Structure formats: C-alpha cells, structure tokens
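Enquirer: In my numbering, the protein residues as written are 8 to 279.
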Ligand code: HEM
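Shown next as structure tokens:
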C-alpha cells in the first residue's frame, strides 16, 4: 500500500516536471487583431500569452529593441502578471486587472520576492484590441526599449535564442486599489511557464501590427497610452509632472521613487 502510494507520488511529480518542460510556444493568429504571435494558451488557467518581434536584422543594422505582446486572462482574476524574463526577480514584469470596464496595465520590476513596483524603462503603446468584457480581459501592447531590462535581456541577448516565459495570477483576490496602476497587491496563487523559441517569433508583418505602414486595421493612438490604460510614465519622469490638484483629470501615478506631493494645495500637486 505504502509503496503504491510512493510510486503514485513519484509518478505525479515526474509527470508535473515533464508537463512543465513540454509546454512550448506555437504560432497562432489572434482573430480580433489579426496579429500572428508565437505563444501559448494555458488550458487550466485560461491565460494566453503571445509575443511577436520585428524581423531579425542582417549585416550591421542593430536589432530592434521592441516587441508586440498580448496577455489574455479571465476577467474574474484579481490580477494577472507576465514575466518576459521567466523569473520574478530582475525581470521585465507586467500586471493587468480590470477596473470600471477599463484595462489597468503597466510594467513592473523587483529585485526579489517582494512587491514589484512600477518600472519606468519600457515605452508602451496599448493596441486597440485591448479590452475587458464579462468573461475576459486582454492587454495588447507594443513595448519599446523592452528587450533588455535591469538585470536581464530577452533570450539572454540572443533574439533567436530561447526564452522561458512565465505568467502568474491571483485568481480571486483583487488588488488594493484597482483604479491605480501602481496599486499594491498580494502574492499570486497561480503560476506557470512555457518555452519560447525566439527564432519563430519574428514577423515580416511587424510594421503592420504597430500601424506604421498605413494599412493597419489597428492604428495605435497615443491618447490611449496616457488616459485609459496606463499612467504617463514618460511625462512624469521627465517633467516632474502634475499628478493632482483642482480640476486635474490627467494621470495621478508617480514613478517609483517619487510621491504625488501637494505643492500648492488644493490647486497643484506634483511628482517629487
Ligand atoms: C506582492 C507581490 C508578490 C509576491 C509577494 C510574490 C512572491 C513570490 C514568491 C514567494 C515566489 C516563490 C514561490 C515559489 O517558488 O513557489 C514567487 C515566484 C514567482 N513570481 Fe512572484 N510575487 C509577487 C508578484 C509577482 C508578479 C507581479 C509577478 C509577475 C508579473 C511575479 C512572478 C513570479 C514568477 C514568474 C515566479 C516564479 C519564478 C521565480 O521564482 O522567479 N510575482 N513570487
């Protein structure tokens, strides 16, 4: 009896290990955006992650430092996270959750197993198929300055190499303040990984996806970046931006290391 139990435990541990290793990205096209990604859909967590990179450059032209990605999850999750470096620490992370029919999405970073804070390096443009409905939430985005980050690089610097991608979720605990992209939250209770062969993730249609060829069905607009989905990281960083005060309807989130400070209350607050 005991040995049967032991065998079952060993088998199930073995099976889990095999499943984790066996998950790898395949090519698929998103039927809403028409964007074709290399990615993976988790059949248990109902999370889809896809990435597509610009064509690999040749000769002396440097490779682009950007990608387009999508993260889709059940709308019922408190929050969902994506790690393009495959780890929690020293990786480029993203968090996403719904709030009042909007998608609250932004980049994060941490050096350990502690609350990841908003991260200011990436330049993010939300693409128009970003949406939330009664069943699903989807962040679809262009990420510039995103193939290297503090402590790591996509494919360890080889854009046709291998990358472990991770996704996490808190399936029923909401974040502390869902209206705030910089909100704190508690640890994920779901986590999984897949392997991405970056050599299959480059597309000659990339410029169409980001709307630079003029024929794109999905022209990104800068307003969406600052208003609906994401705080205006670049404004806040470079301008010590206004974050509050009488009549202020703009972004209210200050980049890591600064706080929204009442400079001339109640009329004007600034990230300092
Ligand atoms: C308050 C927030 C968070 C806390 C306290 C936390 C804590 C932890 C802990 C303790 C582990 C190790 C668990 C284990 O090995 O079983 C872990 C793993 C992990 N976390 Fe988090 N986490 C948080 C947020 C996030 C976010 C936002 C992401 C991604 C967007 C993330 C991605 C990961 C990944 C990919 C792993 C597994 C790989 C690794 O160990 O590096 N975590 N986290």
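From the three backbone atoms N, C-alpha and C, an ideal C-beta is built for every residue, glycine too.
Treat the numbers as computed from the prediction; the structure is a model and nothing was measured.
Beta carbon of residue 201, beta carbon of residue 86: below 8 Å?
Expert: In the chain shown, the residue the question calls residue 201 occupies position 194. In the chain shown, the residue the question calls residue 86 occupies position 79. Not in contact: residue 201 and residue 86 (Cβ atoms no closer than 8 Å).
Enquirer: I need the DSSP call for residue 137, collapsed to helix, strand or coil.
Expert: What you label residue 137 is simply residue 130 of the chain shown in a count that begins at 1. Of the three classes helix, strand and coil, the one that applies to residue 137 here is coil, per DSSP.
Enquirer: Our contact map puts residue 166 next to residue 203 with C-beta atoms below 8 Å; I'd like the distance itself, whole angstroms only.
Expert: Start at 1 with the first residue of the chain shown, and residue 166 comes out as number 159. Start at 1 with the first residue of the chain shown, and residue 203 comes out as number 196. The pair is not a contact, with the Cβ atoms about 11 Å apart (cut-off 8 Å).
Enquirer: Along the beta strand (DSSP E) that carries residue 275, what are the first and last residues, could you check?
Expert: Reading the chain shown from its first residue, position 268 is the one you call residue 275. First-last of the beta strand (DSSP E) with residue 275: 275-278.
Enquirer: Quick check on residue 161: does DSSP put it in helix, strand or coil?
Expert: Position 154 of the chain shown, counted from the start, is the residue given in the question as residue 161. Helix, per DSSP.
Enquirer: Taking residue 153 as the reference, which of 98, 109, 110 has the closest Cα?
Expert: Position 146 of the chain shown, counted from the first residue, corresponds to residue 153. It is 98.
Enquirer: Leaving aside the five residues before and after residue 253 along the sequence, list all residues of the same chain whose C-beta is less than 7 Å from its C-beta, in chain order.
Expert: Locating residue 253 in the chain shown gives position 246, counting from the first residue. Taken in chain order, the residues that qualify are 273, 274.
Enquirer: For residue 169 and residue 162, I'd like the C-alpha separation in whole angstroms.
Expert: Numbered from 1 along the chain shown, position 162 holds the residue referred to as residue 169. Numbered from 1 along the chain shown, position 155 holds the residue referred to as residue 162. The straight-line gap from Cα to Cα measures roughly 5 Å.
Enquirer: Are three or more beta carbon pairs between the stretch 49-57 and the stretch 76-91 nearer than 8 Å?
Expert: The stretch 49-57 vs the stretch 76-91: in contact.
Enquirer: How long is the line joining the alpha carbons of residue 212 and residue 36, rounded to whole angstroms?
Expert: Counting from 1 along the chain shown, the entry for residue 212 is found at position 205. Counting from 1 along the chain shown, the entry for residue 36 is found at position 29. Straight-line Cα distance between these residues: approximately 12 Å.
Enquirer: Count the other C-beta atoms from every protein chain shown that fall within 10 angstroms of the C-beta of residue 122, then say buried if there are 16 or more, exposed otherwise.
Expert: Counted from its first residue, the chain shown places residue 122 at position 115. Classification for residue 122: exposed.
Enquirer: Consult DSSP for residue 272 and reduce its assignment to one of helix, strand or coil.
Expert: For the purposes of this step, residue 272 is taken as residue 265 along the chain shown, with counting starting at 1. The answer is coil: DSSP assigns residue 272 none of H, G, I, E or B.
Enquirer: If distances are taken between C-alpha atoms only, which option among 103, 151, 92 comes closest to residue 178?
Expert: Translated into the one-based positions of the chain shown, residue 178 becomes position 171. Checked all of 103, 151, 92; the closest Cα to residue 178 is 103.
Enquirer: Taking only three categories from DSSP, how would you classify residue 206?
Expert: What you label residue 206 is simply residue 199 of the chain shown in a count that begins at 1. Residue 206: helix per DSSP, three-state reduction.
Enquirer: By DSSP, does residue 55 sit in helix, in strand, or in coil?
Expert: Stepping through the chain shown from its first residue, residue 55 is reached at position 48. In this structure, residue 55 counts as strand in the three-state DSSP scheme.
Enquirer: Are the CB atoms of residue 110 and residue 139 within a distance shorter than 8 Å?
Expert: The residue you call residue 139 lines up with position 132 of the chain shown. The residue you call residue 110 lines up with position 103 of the chain shown. Contact: yes.
Enquirer: Report the rounded CA-to-CA distance for residue 197 versus residue 176, giving the unit in angstroms.
Expert: In the chain shown, counting from the first residue as 1, residue 197 sits at position 190. In the chain shown, counting from the first residue as 1, residue 176 sits at position 169. The alpha-carbon atoms of residue 197 and residue 176 are separated by roughly 5 Å.
Enquirer: Would you list the residues sitting across from residue 250 in a DSSP beta bridge?
Expert: Here residue 250 refers to the residue found at position 243 when the chain shown is read from its first residue. Note: residue 250 sits in no beta bridge, so no partner.
Enquirer: In this structure, what does DSSP give as the bridge partners for residue 70?
Expert: Reading the chain shown from its first residue, position 63 is the one you call residue 70. For residue 70, which the question treats as bridged, DSSP gives no partner whatsoever.
Enquirer: So the candidates are 137, 209, 158; which of them puts its Cα closest to the Cα of residue 58?
Expert: By 1-based counting over the chain shown, the position of residue 58 is 51. Comparing Cα positions, the closest option is 209.
Enquirer: Could you check whether residue 174 and residue 88 sit closer than 8 Å to each other, using their CB atoms as the reference points?
Expert: Taking the chain shown and counting its residues from 1, the one referred to as residue 88 is at position 81. Taking the chain shown and counting its residues from 1, the one referred to as residue 174 is at position 167. Yes, these two residues count as a Cβ contact at 8 Å.
Enquirer: Is residue 147 buried or exposed, if buried means 16 or more other CB atoms sit within 10 Å of its CB?
Expert: Position 140 of the chain shown holds residue 147. Residue 147 should be labelled buried.
Enquirer: Who does residue 103 pair with in a DSSP beta bridge?
Expert: Working through the chain shown from its first residue, we reach residue 103 at position 96. Answer is 87, 112.
Enquirer: From the DSSP output, which residues share a beta bridge with residue 60?
Expert: Translated into positions along the chain shown, residue 60 becomes position 53. According to DSSP, which records beta bridges pairwise, residue 60 is partnered with 209.
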